[in-house]
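Colleague: Which chain is which? The protein sequence lines are A and B, in order.
Per the UniProt record's numbering, the first sequence starts with residue 1, numbered consecutively.
Per the UniProt record's numbering, the second sequence starts with residue 1, numbered consecutively.
Here it is, the structure, as structure tokens.
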Amino acid sequence: MKSLLKFITCGSVDDGKSTLIGHMLYDAKLLFADQEKALELDSKVGSRGGEIDYSLLLDGLMAEREQGITIDVAYRYFTTDNRSFIVADTPGHEEYTRNMAVGASFADLAVILVDATKGVITQTKRHARICSLMGIKHLVLAVNKMDLIDFDEKRFAEIKKDFLQLTHGFNIESVQVIPVSATEGDNITTNSENTLWYDGMPLLPYLEGVDVQKDNKLDDFIMPVQRVSRPNHTFRGFQGQVEAGNISVGDEIITLPSQEKAKVQSLLVTDKEVDSAIDGQPVTIQLDREVDVSRGNVLTTSKQMQSADMFTATILWMDDTKLVPGRNYLVKVGTKTLPGTVMSIKHKIDINTGKQIPADQIFKNELVECDISLSENMVFDTFENNEALGGLILIDRVSNMTSACGVIEHSLRRSTNVVWQETDITRDIRAQQKGQKPLTLWFTGLSGSGKSTLANEVEKRLVSTGHHTMLLDGDNVRHGLNKNLGFKEGDRVENIRRIAEVSKLMNDAGIITLTSFISPYESDRHSAREVIGDSYIEIYVSTPLEECEKRDVKGLYKKARNGEIPNFTGISSPYEKPVNPEIEIDTSQYSLEEATDYVVKQIMKYLD
Amino acid sequence: MKTQELTHLDQLEAEAIYIIREVAAECENPVMLYSIGKDSSVMLHLAMKAFYPEKPPFPFMHVNTTWKFKEMIEFRNRKAKELGIEMIEVINEEAVEQGINPFDHGSAYTDIMKTQALKQGLDKYGFDAAFGGGRRDEEKSRAKERVFSFRNKNHAWDPKNQKPEMWKLYNTRINKGESMRVFPLSNWTEKDIWQYIRKENIDIVPLYFAKERPVVERDGNIVMVDDDRMKLEPNEEVKMKKVRFRTLGCYPLTGGVESDADTLDEIIEETLGAVSSERTSRVIDQEAAGSMERRKREGYF
């Protein structure tokens with residue numbers, strides 16, 4: 001059987017990627033007759049005045065044809081006498097860098113194009129760095145449009161030198177630099193007459209021969225559990241794909257994170273019973289004893305592998321919303337998904353130079369090194385050791401978008417340094433002593449909506465009925481605990497995070513906490529709910545903007561309208577309405593007493 | 001140490017099984033669409049292997065336009081019974097009553113009987129993920145399809161707003177009302193499908209094999225006269241010809257090819273040397289460029 005090479009092509013907008021692949025397929029006679037015919041017909045209305053425009057073979061989507069750029073990854077499949085290929089043609093435009101990263105994560109080799117008239121440019125550097133980040137170990141630099149510089153050997157040598165300088169220090173195994181012309185066909189399938197000075201192989205023969213087999217650094221068996229199969233009470237099989245090493249019936253494995261030992265009793269590769277299985281195969285494993293294992297756990301023979309709840313990672317930010325530390329995301333590694341927080345941004349990485357730049361917020365298409373803290377222990381490895389347990393994605397908890405992808409650099413053993421202090425007096429005991437169920441009443445709403453007034457009245461009512469309470473008010477907290485925070489987005493997120501943590505501690509102490517903060521972002525309220533848990537009761541004070549502005553107790557709306565206060569919620573900064581608040585009250589419709597009656601009555605439902 | 005290398009087909013099989021298992025583990029209410037064709041047969045086979053000895057933990061759904069080849073429906077019923085899987089059939093009953101048919105209603109027919117019926121089925125059962133047998137090598141707009149393709153509440157596809165897909169880390173989270181189409185065969189080519197069918201000895205509908213069949217020639221296509229609903233033009237004449245089909249669908253819209261290939265090896269031989277990519281035998285695709293993409297935006301699979 002033939003082997004398979006997955007590769008990507010990347011480069012800047014006009015470097016001619018699509019043309020290069022199109023020409024390769026055409027010359028190698030790998031086109032179906034009707035595709036070939038369609039290509040010639042399409043070209044008549046295309047931009048090359050009747051000559052074949054090879055890029056039309058790949059630029060598929062209508063929107064792209066109209067704009068003349070490739071916005072998404074296009075996958076093509078072809079087979080030569082020597083090898084099967086899957087090529088991902090990736091977008092060059094900066095706006096679509098994330099799509100390029102998608103292609104790179106899929107591939108074993110990258111063909112990076114540069115325009116010979118321009119040489120190595122910013123985009124080339126960006127792409128090379130992303131390829132390297134996503135784990136590509138083999139690079140080909142195709143120096144295209146050689147015809148436009150009269151196949152100048154000296155210019156080629158300069159570009160080659162620049163590129164080798166760029167990739168020096170990357171974790172790669174091979175680099176090949178080839179002079180080509182995608183439109184004219186030089187050095188695509190056969191050596192060109194125009195570059196007799198070039199003693200390497202043309203592109204296609206090179207791709208047919210290059211060895212991209214992974215050197216497996218670890219011989220240990222690793223299998224992340226995808227699902228537990230229990231068709232009946234006698235069969236319990238752990239299903240997943242072998243991500244490293246081999247496994248045989250009778251081998252002893254360790255379960256992580258539960259760290260139990262068991263022996264492999266039976267082994268299935270798909271539906272066939274086998275004695276052993278190798279890297280890459282889908283298996284179902286039965287063990288000889290009961291173990292505590294579910295989806296997201298790992299079966300391994302490695303004695304070194306461990307779990308932890310914090311790591312350092314290099315990530316590519318792909319979301320339109322910026323990254324600020326303190327935000328909570330879902331972190332997926334292997335088959336495990338857990339809530340996690342980007343704790344601190346260590347630094348950005350300049351895509352041109354690889355230099356580290358200090359930063360406190362990150363925008364789309366930026367590379368950043370950061371610490372990520374997880375809600376509980378997770379089994380992971382460094383990306384360098386194992387791609388399957390070292391790659392990660394961050395998922396936005398509200399929009400569900402894939403906000404970032406990244407690689408784990410190293411584990412931070414916070415768990416071994418800061419041990420959670422188990423105490424004898426528990427939360428339940430403290431609550432019992434106070435004779436109440438601790439809650440956090442989270443008042444959210446626009447400035448002037450009446451949050452603080454209402455929270456104040458509610459607290460008075462609760463105290464008069466014998467409850468133990470604590471009110472955290474926005475302005476007051478900023479005078480003390482959060483004195484060092486400003487009003488930039490990152491600071492706002494941290495402000496809310498601290499308040500949520502304090503509320504939780506208060507709840508642990510048995511106290512009913514009332515918080516009164518605008519808290520405009522759904523994602524922050526979501527994080528607060530995550531931290532505080534079942535005790536979190538969201539009270540949305542839904543007084544309309546016009547009413548709030550009319551009241552304007554502190555004169556802030558007037559200032560905001562005059563542009564004196566930037567980022568004022570409701571005017572120049574958004575307020576995201578709560579989706580499912582436990583309680584909602586519009587204070588413009590009721591007297592203060594009526595509103596208090598209503599809210600207290602609702603709260604009582606949760607207190608009983 | 002170099003790792004032992006899996007063959008090209010082994011790698012494709014492993015990838016598809018991984019995807020199918022991820023969906024079963026992460027999605028609440030998945031379904032596998034089953035079109036009875038060769039790609040669906042491969043996908044069904046992979047689903048059986050992925051969960052063995054368990055049965056696939058989701059139902060299968062066939063969108064029946066009521067104009068499928070008779071042999072397809074027989075095959076579907078036999079397979080479901082043999083394998084002991086749940087097979088849901090959806091038909092746009094309202095459209096059947098209105099007499100919508102492929103002869104009089106052109107491209108509206110496909111939309112009503114296929115796209116609308118599919119949406120009705122997905123909505124009725126509240127499926128959040130539907131496996132489809134689509135392959136990227138079939139057509140240009142499919143070449144850019146993700147493995148997990150997101151659809152909004154109206155089942156529409158926004159090519160500019162799909163989630164980046166990194167390594168095998170599929171993000172299966174969706175908002176309420178949204179759904180996913182999942183394509184485990186994304187990276188398979190037609191050739192891979194045939195080679196896998198041979199390797200695994202997968203049962204396929206006999207229509208793929210050449211046999212004497214009653215056909216007429218229409219607009220350069222060979223169309224089989226599968227029942228008496230087929231309306232003949234005055235100049236048309238039903239002839240017996242040895243034909244086979246490269247893709248299967250509604251019989252009036254599916255072009256056959258003249259062939260003597262009545263064994264798998266002969267079909268593969270013909271396919272490997274094929275001069276025409278398979279979608280040309282689907283009459284529907286010969287409309288304006290970009291027709292597939294337009295239909296997809298509207299919710300066609």
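Note that the Cβ used here is the ideal one computed from N, Cα and C, for glycine as well.
1. With a floor of 4 residues, list each alpha helix (DSSP H) that falls wholly inside the region 551 to 590 of chain A, ordered by position along the chain.
2. Please check if any C-beta of chain A sits within less than 7 Å of the C-beta of I17/B.
3. How far does the alpha helix (DSSP H) with M506/A in it extend, from its first residue to its last?
4. Counting contacts by CB-CB distance shorter than 7 Å, is C370/A in contact with chain B?
5. Taking 7 Å as the threshold (beta carbon to beta carbon), is L6/B in contact with chain A?
6. Can you pull the chain E residues whose beta carbon is under 7 Å from the beta carbon of L268/A, in chain order?
7. Which runs of the beta strand (DSSP E) fall wholly inside the region 238 to 270 of chain B and span at least 3 residues, in chain order?
8. From N175/B to L607/A, what distance separates their C-alpha atoms?
9. Are the C-beta atoms of E269/B and some chain A residue less than 7 Å apart?
10. Return the chain-ordered list of same chain residues with a C-beta closer than 8 Å to the C-beta of T569/A, the five sequence neighbours on each side being excluded.
11. If contact means a Cβ-Cβ distance below 8 Å, which residues of the region 192 to 207 of chain A contact chain B?
12. Show which residues of chain A have a CB atom less than 7 Å away from the CB atom of A14/B.
13. Flag L169/B as yes if its beta-carbon sits less than 7 Å from any beta-carbon of chain A, otherwise no.
14. At a CB-CB cut-off below 8 Å, which residues of chain B make contact with D428/A?
15. Taking only beta-carbon atoms, is A25/B less than 7 Å away from chain A?
16. Any beta carbon of chain A sitting closer than 7 Å to that of N201/B?
17. Using a Cβ-Cβ cut-off of less than 9 Å, give me the residues of the region 317 to 346 of chain A that come near chain B, in sequence order.
18. Distance check for P91/A and E459/A, CA to CA, integer angstroms please.
19. Roughly how many whole angstroms lie between the Cα atoms of Q162/B and N246/A?
20. What residue ranges within the region 176 to 257 of chain A form continuous alpha helix (DSSP H) runs of no fewer than 4 residues, ordered along the chain?
21. Hey, quick one: how far does the alpha helix (DSSP H) through Y125/B stretch, first residue to last?
22. Pull out every residue of the region 182 to 202 of chain B whose Cβ sits closer than 8 Å to any Cβ of chain A, in chain order.
23. On the three-state DSSP scale, how would you describe K68/B?
24. Within the same chain, show all residues whose beta-carbon is closer than 7 Å to that of G402/A, passing over the 5 residues directly before and after it, in chain order.
25. Determine, using beta-carbon pairs with one atom in the region 181 to 194 of chain B and one in the region 130 to 137 of chain B, whether at least three such pairs fall under 8 Å.
26. Verify the CB distance criterion: does R21/B have a CB-CB separation below 7 Å to chain A?
27. Distance cutoff 7 Å, beta carbons only. Does N400/A sit that close to anything in chain B?
28. What's the call for H8/B, buried or exposed, on a 16-neighbour Cβ count within 10 Å?
29. Report back the beta-carbon spacing between G240/A and Q226/A to the nearest angstrom; my notes put them in contact at under 8 Å.
30. Could you tell me whether the Cβ of K145/A comes closer than 7 Å to any Cβ of chain B?
31. For the beta strand (DSSP E) holding D396/A, just list the boundary residues, first then last.
32. Tell me whether the region 333 to 345 of chain A and the region 422 to 439 of chain A touch, counting them as touching only if at least three CB pairs, one residue from each stretch, are closer than 8 Å.
33. Any C-beta of chain B within less than 9 Å: which residues of the region 375 to 389 of chain A qualify?
34. Per DSSP, which residues does V356/A bridge with? Please list them.
35. Can you grab the Cα-Cα spacing for the pair T124/A / G11/A, in whole Å?
36. Does the CB of L4/A have a neighbour CB from chain B at under 7 Å?
Modeller: Concretely, from the data shown:
1. Annotation: the region 551 to 590 of chain A contains the following complete segments of the alpha helix (DSSP H) (minimum length 4 residues), in chain order: 556 to 561.
2. Position 17 of the second sequence, counted from the first residue, corresponds to residue 17/B. Nearest CB-CB separation between I17/B and chain A: below the 7 Å threshold.
3. Start at 1 with the first residue of the first sequence, and residue 506/A comes out as number 506. Judged by DSSP secondary structure, M506/A falls within the alpha helix (DSSP H) whose first and last residues are E489 to D508.
4. The residue labelled residue 370/A in the question sits at position 370 within the first sequence. C370/A does not count as touching chain B.
5. One-based indexing of the second sequence puts residue 6/B at position 6. So yes, L6/B belongs to the interface.
6. Among the chains of the structure shown, chain E does not appear; the protein chains present are A and B.
7. At a cut-off of 3 residues, the continuous stretches assigned as beta strand (DSSP E) that sit fully inside the region 238 to 270 of chain B are 239 to 244 and 255 to 258.
8. Stepping through the second sequence from its first residue, residue 175/B is reached at position 175. Stepping through the first sequence from its first residue, residue 607/A is reached at position 607. Straight-line Cα distance between these residues: approximately 31 Å.
9. As a first step, residue 269/B is located in the second sequence; it is residue number 269 there, counting from the start. False, the Cβ-Cβ gap to chain A never drops below 7 Å.
10. For the purposes of this step, residue 569/A is taken as residue 569 along the first sequence, with counting starting at 1. Close CB contacts of T569/A within its chain, under the 8 Å cut and outside five residues either way in sequence, are with L446, S447, I518, P520 and Y575 (chain order).
11. Listed by position, the residues of the region 192 to 207 of chain A near chain B (Cβ gap below 8 Å) amount to none.
12. In the second sequence, residue 14/B corresponds to position 14, counting from 1. The answer, in chain order, is Q241, G280, Q281 and P282.
13. Reading the second sequence from its first residue, position 169 is the one you call residue 169/B. Cβ-Cβ to chain A under 7 Å: yes for L169/B.
14. As a first step, residue 428/A is located in the first sequence; it is residue number 428 there, counting from the start. Near D428/A there are no residues of chain B at all, since even the closest Cβ is about 33 Å away, more than 8 Å.
15. In the second sequence, residue 25/B corresponds to position 25, counting from 1. Taking CB atoms only, A25/B has a neighbour in chain A less than 7 Å away.
16. To locate residue 201/B, count along the second sequence from 1; it is residue 201. No, because no Cβ of chain A sits closer than 7 Å to the Cβ of N201/B.
17. The region 317 to 346 of chain A vs chain B, Cβ under 9 Å: M318, L330, K332, V333, G334, T335 and T337.
18. The sequence position of residue 459/A within the first sequence is 459, counting from 1. The sequence position of residue 91/A within the first sequence is 91, counting from 1. Between E459/A and P91/A, the alpha-carbon positions lie close to 57 Å from each other.
19. On the second sequence, residue 162/B is found 162 positions in, with the first residue counted as 1. On the first sequence, residue 246/A is found 246 positions in, with the first residue counted as 1. The straight-line gap from Cα to Cα measures roughly 36 Å.
20. As far as the region 176 to 257 of chain A is concerned, its whole alpha helix (DSSP H) runs of at least 4 residues are 203 to 209.
21. The residue given as residue 125/B occupies position 125 in the second sequence. Counting along the chain, the alpha helix (DSSP H) containing Y125/B begins and ends at A117 to Y125.
22. Shown in chain order are the members of the region 182 to 202 of chain B whose Cβ falls below 8 Å from a Cβ of chain A: S186, N187, T189 and K191.
23. Position 68 of the second sequence, counted from the first residue, corresponds to residue 68/B. Residue state, collapsed to three classes: strand.
24. Looking up residue 402/A in the first sequence gives position 402. Inspection of the sequence shows that residue 402/A is occupied by Thr rather than by Gly. Contacts found: M318, I393 and I395.
25. The region 181 to 194 of chain B makes contact with the region 130 to 137 of chain B: 3 or more CB pairs, one atom from each, lie closer than 8 Å.
26. As a first step, residue 21/B is located in the second sequence; it is residue number 21 there, counting from the start. Contact with chain A is found for R21/B, since one of that chain's Cβ atoms lies less than 7 Å from the residue's Cβ.
27. In the first sequence, counting from the first residue as 1, residue 400/A sits at position 400. Yes, N400/A counts as interfacial toward chain B.
28. For the purposes of this step, residue 8/B is taken as residue 8 along the second sequence, with counting starting at 1. Burial check for H8/B: the Cβ neighbour count within 10 Å reaches 16 or more, so the residue is buried.
29. One-based indexing of the first sequence puts residue 240/A at position 240. One-based indexing of the first sequence puts residue 226/A at position 226. Contact holds; Cβ gap of about 4 Å.
30. In the first sequence, counting from the first residue as 1, residue 145/A sits at position 145. For K145/A, not one C-beta of chain B is nearer than 7 Å to its own C-beta.
31. In the first sequence, the residue the question calls residue 396/A occupies position 396. Note, D396/A: beta strand (DSSP E), G391 to D396.
32. Three or more beta-carbon pairs separated by less than 8 Å are not found between the region 333 to 345 of chain A and the region 422 to 439 of chain A, which leaves the two stretches without contact.
33. Within the region 375 to 389 of chain A, those residues whose Cβ lies closer than 9 Å to any Cβ of chain B are, in chain order, E387 and A388.
34. Here residue 356/A corresponds to residue number 356 of the first sequence, with the count starting at 1. Checking the sequence, you will find Gln at residue 356/A rather than Val. DSSP lists I349/A as partners of Q356/A.
35. Here residue 124/A corresponds to residue number 124 of the first sequence, with the count starting at 1. Here residue 11/A corresponds to residue number 11 of the first sequence, with the count starting at 1. If you take the alpha carbons of T124/A and G11/A, they lie about 6 Å apart.
36. Taking the first sequence and counting its residues from 1, one reaches residue 4/A at position 4. Yes, contact with chain B.
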